[in-house]
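Peer 1: Numbering (this note's numbering), first residue to last: 631 to 739.
Just so you know, even glycine gets a beta-carbon here, dropped at the ideal spot from N, CA and C.
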């Protein structure tokens, strides 16, 4: 078993937190890029808009109401995915800054 000093432990903790922060930033960017406004969401929004226009033309109020609720749900889905991505990026930045702070606490000699 390798004995670790307090200094070694601080370096291991700082390195681990830095790597986790970097992974959080990558995952947040992936969520923002891929899930924010994906191909499926765009197709669903386009079909919903056409459905709403058809409902207005044929004066079907239930169809228009359902289509408007669906558009609202799509907007909420996009906002939620974007919020998760921004949260992950923020968490990653905080973790990287905290790892830097831990390294600053290590005595030089």
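1. For the pair the stretch 644 to 656 and the stretch 698 to 707, tell me if three or more CB-CB distances fall below 8 Å.
2. So, does the stretch 638 to 654 touch the stretch 730 to 739, judging by three or more C-beta pairs under 8 Å?
3. Between residue 654 and chain B, is any beta-carbon pair separated by less than 7 Å?
4. Taking its Cβ as the centre, do 16 or more other Cβ atoms sit within 10 Å of residue 661, making it buried, or is it exposed?
5. Using CA atoms only, rank isn't needed, just tell me which of 652, 632, 638, 639 is closest to residue 725.
Peer 2: Straight from the coordinates:
1. no
2. yes
3. This model lacks chain B altogether; it includes just one protein chain.
4. Translated into positions along the chain shown, residue 661 becomes position 31. That one is buried.
5. Working through the chain shown from its first residue, we reach residue 725 at position 95. It is 652 whose Cα lies nearest to the Cα of residue 725.
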